[in-house]
Amino acid sequence: MGRVENRRTPLDAFRPGAFGSLDPRLTAADLIAEPWLTHRALVPASRRAARVTELLDMVGLRDSDAPRLPYEFSGGQRQRIGIARALALEPGVIVCDEPVSALDLSVQAQVLNLLCDLRDELGLSYVFISHDLSVVRHLADRVAVMYLVRMVESGPTEEVHERPRHPYTEALLSDGRRRQRILLTGEFPSPADPPSGCRFRTRCPRVRDLSAESVPTPPPVRRSTEPPATTPS
Ligand code: SF4
417 MGRVENRRTP LDAFRPGAFG SLDPRLTAAD LIAEPWLTHR ALVPASRRAA RVTELLDMVG
477 LRDSDAPRLP YEFSGGQRQR IGIARALALE PGVIVCDEPV SALDLSVQAQ VLNLLCDLRD
537 ELGLSYVFIS HDLSVVRHLA DRVAVMYLVR MVESGPTEEV HERPRHPYTE ALLSDGRRRQ
597 RILLTGEFPS PADPPSGCRF RTRCPRVRDL SAESVPTPPP VRRSTEPPAT TPS
């Protein structure tokens with residue numbers, strides 16, 4: 417399959433979206449077949465071209481896209497190649513780390529709908545990591561909110577969105593439309609040197625003296641529909 421001589425540079429790893437994860441010297445077909453080589457998957461060489469065609473079709477690309485290089489694709493198409501690479505090993509679970517954050521809104525919707533369709537067709541589960549809670553709401557059954565490497569709240573997605581319990585979740589969800597916008601002030605602390613007591617206390621609008629000594633543990637995990645609880649501390 418076709419190759420060109422331009423070399424991957426260290427800066428490629430910092431490019432937004434899927435571009436940084438795709439070797440610019442490899443064609444779409446090479447990129448999709450790469451996991452089989454890396455993981456020594458038992459896909460016979462005679463079957464690989466047909467399987468690449470199937471995977472391209474599954475993510476909404478054409479067979480004629482197989483010999484093209486990453487720079488010839490749009491951002492959304494490159495993300496589809498990334499999804500095809502993930503599907504190549506027929507996983508049960510895929511970790512999607514900010515999969516649409518670098519895309520335009522309209523392209524975001526297309527990629528999210530593709531992920532939903534693939535989940536339903538193939539019975540996949542996703543661990544979906546995002547800063548955009550509206551995207552999480554579209555896709556996830558359950559959500560866990562993290563702050564400074566700690567989970568501060570989790571539960572069924574709709575319940576967390578409708579009745580957030582933790583002040584950080586409230587701030588994330590305050591879009592100024594349905595809820596009054598909550599602007600967090602104060603510096604974001606270093607995860608290597610977190611504040612004593614509650615890690616959110618340096619930015620929490622409801623901070624109390626006790627917050628420097630105690631942490632609301634365990635984090636409020638909701639397993640089913642429950643009445644709203646009182647605010648922590
Ligand atoms: S413990 Fe205090 S600082 Fe921490 S989230 Fe609750 S109210 Fe805010």
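Going from the sequence shown to our numbering is simple: count from 1 and add 416.
Ideal placement from N, C-alpha and C gives every residue a C-beta, glycine not left out.
Per DSSP, what kind of secondary structure is CYS532 in: helix, strand or coil? Translated into the one-based positions of the sequence shown, residue 532 becomes position 116. Helix, per DSSP.
Rounded straight-line distance, which links the Cα of ARG624 to that of LEU600: Position 184 of the sequence shown holds residue 600. Position 208 of the sequence shown holds residue 624. Whole-angstrom Cα-Cα distance: 16 Å.
Local conformation of ASP548 per DSSP, three classes: Position 132 of the sequence shown, counted from the first residue, corresponds to residue 548. Residue state, collapsed to three classes: coil.
Taking the beta carbon of VAL543 as the centre, do at least 16 other beta carbons fall within 10 Å, making it buried, or is it exposed? Stepping through the sequence shown from its first residue, residue 543 is reached at position 127. Burial call: exposed.
Taking 7 Å as the cut-off, is the beta-carbon of SER627 closer than that to any non-hydrogen atom of the ligand SF4? Numbered from its first residue, the sequence shown carries residue 627 at position 211. Yes, the beta carbon of SER627 sits closer than 7 Å to at least one heavy atom of the ligand SF4.
Using CA atoms only, rank isn't needed, just tell me which of SER627, GLU578, ARG558 is closest to SER570. Here residue 570 refers to the residue found at position 154 of the sequence shown. Per the Cα distances, ARG558.
Given a threshold of 16 other Cβ atoms within 10 Å of its Cβ, counted over all protein chains shown, does SER630 qualify as buried or as exposed? Numbered from its first residue, the sequence shown carries residue 630 at position 214. By the neighbour-count rule (16 or more Cβ atoms within 10 Å), SER630 is not buried but exposed.
In chain order, which alpha helix (DSSP H) runs of at least 4 residues are fully inside the segment 476 to 513? 491 to 503
Is the segment 509 to 520 in contact with the segment 534 to 551, if contact means three or more CB pairs nearer than 8 Å? yes
In angstroms, rounded to a whole number, what distance separates the CA positions of PRO451 and LEU477? Residue 451 sits at position 35 when you count from the first residue of the sequence shown. Residue 477 sits at position 61 when you count from the first residue of the sequence shown. About 19 Å.
Give every residue of the same chain whose Cβ lies closer than 6 Å to the Cβ of GLY602, excluding the five residues on either side of it in the sequence, and list them in chain order. Here the question's residue 602 lines up with position 186 in the sequence shown. Here the set comprises THR618, ARG619.
Does the contact criterion of 3 or more C-beta pairs under 8 Å hold for the segment 438 to 456 versus the segment 485 to 497? yes
heavy atom of the ligand SF4 below 7 Å from PHE616 C-beta: By 1-based counting over the sequence shown, the position of residue 616 is 200. It does: the Cβ of PHE616 is within 7 Å (strictly closer) of some heavy atom of the ligand SF4.
GLN596 classed as buried or exposed, judged by whether at least 16 other C-beta atoms fall within 10 angstroms: For the purposes of this step, residue 596 is identified with residue 180 of the sequence shown, where counting begins at 1. GLN596 comes out exposed.
Pull up the distance between the alpha-carbon of ILE598 and that of TYR584, whole angstroms please. Within the sequence shown, numbered from 1, the residue matching residue 598 stands at position 182. Within the sequence shown, numbered from 1, the residue matching residue 584 stands at position 168. Answer to the nearest angstrom: the Cα atoms are 9 Å apart.
Bounding residues of the alpha helix (DSSP H) (the contiguous stretch that carries ALA628): Position 212 of the sequence shown, counted from the start, is the residue given in the question as residue 628. ALA628 -> no alpha helix (DSSP H), and no H or E assigned at all.
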